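Right under this line is the structure:
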């Protein structure tokens, strides 16, 4: 975030007063990882704490404040055996639950995380230049989230995979739209994500830079109120920013303190962490946080806020923070629309696909409708192709290419790729016949993507079948697995995602095929679960390219 990083010593070791250090028998190091927006304030608290000559059992506490993004800490905590933080202050409790999920996978070696109450808060706002705010009529005219997410007023977000501002914005957008029971986000949310895809920022710093460089044309973007305060300290008109508080309300970033306990931490770390946390919660520290643009944990601004540029002291209406489930769903949807992929859909049209699913649809109809729904989630830059397979479906092959791989926004045979895929999918029920030539088809699809590999996209085969291989001759399972291993190239990763439709699918074979290619296998017992697992499969494609 654009705080006074250039003028405050963030992330360095705090140097204790030399005269005070003489009275210490030694030092207890205390490493504190802090979200960048709060690091300057925490550094000031640490300076005061050390100046007061705080000690543990006669040893001075030497505080090292390190500015680290919350997502970076989450990823490094489970695997950071050297120099982990003893205290962590992220900008949102959402990251704590995520980190606990990761560390829980290795409870023996991972650090233990204990979340303590918040130090401060800052509401999510929409930042605009003063000129752009005037165009919206703010503050005389209310501005709604609905207006912003509907596309009436273009808006940008920071990449939600690494920025809490982006995660919180998507969570709010989802909360404004109707939920679906099958775990697939509504089309209205997908439309929002597709719009935001083209205006994604690496971080909110980019948004403030845009205001500084071209205030008249800079896009609105979501950020914290505190970052607006911090930015305006170093900015002059017309490059000042204004915080807009949407009419429906907003969520608070809550800045909890997390105690990170490791097996080999230095003796006295617990006491040092407790003493410093107590200082963080002191009245003196509250004043430091307030001066930096933060509210108290309840969202109340200090009476001294009257002169701060671009923000309002009144507490805005507050909405519940997005739940972990909401965040997970919306981030999966973001992966679907954000990652450019090359997906070859390979659908079984053997005779058994006429069997009915519990809702009365045939298996092939469920596959058709699910594929069409999945395609509607994808942007025009995504490459999609479609094969149908059963024995001798496309003699001499057991598979038939209905639509070649191509961008959904492109053309094939004089029509749009998207329309060609829709038309081909409609024909799938009429193609049902014969047995299941699973293994030969799986290898042919894998080879097609591997031979025409695109390193700028996520390359995947989605293999949908309701049965088991019953072709005489051709590859058996062991032969297929051996050939897949032999053809595997780490520089050209192609995964096979297997989806077993109904109770008769050979999940053992699908699982082995998926595993050897780095993919995953799913089973769907009805239409609703098929849509859910297909969405899950598309959203969990690994991002192995440099452009993701």
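Numbering (the working numbering), first residue to last: 1053 to 1600. Even for Gly, the Cβ is constructed at its ideal location relative to N, Cα and C. Here the structure is a predicted model, which means the values were calculated and not measured.
Quiz prompt | C-alpha distance - residue 1582 paired with residue 1169, whole-angstrom precision | solution = 41 Å
Practice problem: Compute the Euclidean distance between the alpha carbons of residue 1658 and residue 1393, then round it to the nearest angstrom. | Solution: Any question about residue 1658 goes unanswered here, given that the chain covers just 1053 to 1600.
Practice problem: Taking all protein chains shown into account, decide if residue 1585 is buried (16 or more other Cβ within 10 angstroms of its Cβ) or exposed. | Solution: buried
Exercise. Tell me residue 1356's beta-bridge partners as DSSP assigns them.
Key: For residue 1356, which the question treats as bridged, DSSP gives no partner whatsoever.
Quiz item: Do you know how far the Cα of residue 1249 is from the Cα of residue 1207?
Solution: Each residue's alpha carbon lies about 11 Å from the other.
Practice problem: Look up residue 1084 in the DSSP assignment and say whether it is helix, strand or coil. | Solution: In the three-state DSSP reduction, residue 1084 falls in the strand class (E or B).
Quiz prompt | Chain-order list of residues whose beta-carbon lies under 7 Å from that of residue 1150 (same chain, five-residue window excluded) | solution = Excluding residues within five positions, the ones whose Cβ falls inside 7 Å are 1126.
Exercise. Starting from residue 1396, trace the beta strand (DSSP E) both ways and give me its first and last residue.
Key: 1393-1400
Exercise. Determine which residues share a DSSP beta bridge with residue 1274 and list them.
Key: Beta-bridge pairing links residue 1274 to 1178.
Practice problem: If I'm right that residue 1572 touches residue 1443 with Cβ under 8 Å, what's the distance once you round it to whole angstroms? | Solution: With 8 Å as the limit, residue 1572 and residue 1443 do not qualify as a contact, their Cβ atoms being about 27 Å apart.
Quiz item: Does the Cβ-Cβ distance between residue 1334 and residue 1182 come in under 8 Å?
Solution: no
Exercise. Return the chain-ordered list of same chain residues with a C-beta closer than 7 Å to the C-beta of residue 1422, the five sequence neighbours on each side being excluded.
Key: 1582, 1583, 1586
Quiz item: So is residue 1160 buried or exposed if we call it buried at 16+ other beta carbons inside 10 Å?
Solution: exposed
Self-check item: Best match in 1319, 1364, 1471, 1362 for proximity to residue 1110 [C-alpha to C-alpha]
Solution: 1319
Exercise. From the DSSP output, in three-state form, read off residue 1292 for me.
Key: coil
Quiz prompt | beta strand (DSSP E) runs wholly inside the region 1194-1258, at least 3 long, in chain order | solution = 1207-1210
Quiz item: So is the beta-carbon of residue 1196 under 7 Å away from any non-hydrogen atom of the ligand NAD?
Solution: Ligands are entirely absent from the displayed structure, and the ligand NAD is therefore not among its contents.
Quiz prompt | Opening and closing residue of the alpha helix (DSSP H) in which residue 1266 lies | solution = Unbroken run through residue 1266: none, as it is neither H nor E.
Quiz item: From this set, 1486, 1380, 1097, which residue's C-alpha is nearest residue 1330's C-alpha?
Solution: 1097
Self-check item: Exposure label - residue 1428; buried when at least 16 CB within 10 Å
Solution: Around the beta carbon of residue 1428, fewer than 16 other beta carbons lie within 10 angstroms, which makes this residue exposed.
Practice problem: For the region 1375-1385 and the region 1397-1410, state whether three or more C-beta atom pairs, one from each stretch, are separated by less than 8 Å. | Solution: no
Quiz item: Should residue 1240 and residue 1176 be called a contact, given that it needs their Cβ atoms to be closer than 8 Å?
Solution: no
Practice problem: Sort 1403, 1479, 1478, 1282 by Cα distance to residue 1294 and report the nearest one. | Solution: 1282
Exercise. Give the range of the alpha helix (DSSP H) segment to which residue 1322 is assigned.
Key: Run containing residue 1322: 1321-1332, per the alpha helix (DSSP H) assignment.
Practice problem: Taking residue 1277 as the reference, give the member of 1561, 1538, 1574, 1090 with the closest Cα. | Solution: Of 1561, 1538, 1574, 1090, the smallest CA-CA separation from residue 1277 is found for 1090.
Exercise. Kindly give me the distance between the Cβ atoms of residue 1274 and residue 1209, rounded to whole angstroms, as I take these residues to be in contact under 8 Å.
Key: 5 Å
Quiz item: Are residue 1082 and residue 1426 touching if we call contact CB-CB under 8 Å?
Solution: no
Self-check item: Candidates 1088, 1374, 1310, 1185, of which the one nearest residue 1227 by Cα
Solution: Ranking 1088, 1374, 1310, 1185 by Cα distance to residue 1227 puts 1374 first.
Quiz item: Is residue 1339 helix, strand or coil by DSSP?
Solution: helix
Practice problem: For residue 1441, write down the residues that DSSP places opposite it in a beta bridge. | Solution: Beta-bridge pairing links residue 1441 to 1400, 1451.
Quiz item: Out of curiosity, what's the CA-to-CA distance linking residue 1197 and residue 1173?
Solution: 21 Å
Quiz item: Roughly how far, in whole angstroms, is the beta-carbon of residue 1515 from the beta-carbon of residue 1546, given that I think they are within contact range, below 8 Å?
Solution: The Cβ separation is near 12 Å, so there is no contact.
Quiz item: What do you reckon, are the CB atoms on residue 1517 and residue 1490 nearer than 8 Å?
Solution: yes
Practice problem: Locate the beta strand (DSSP E) running through residue 1552, then write down its first and last residues. | Solution: 1546-1553
Quiz item: residue 1078 by DSSP, collapsed to three states: which one?
Solution: Residue 1078: strand per DSSP, three-state reduction.
Quiz prompt | DSSP state of residue 1136 mapped onto helix, strand, coil | solution = coil
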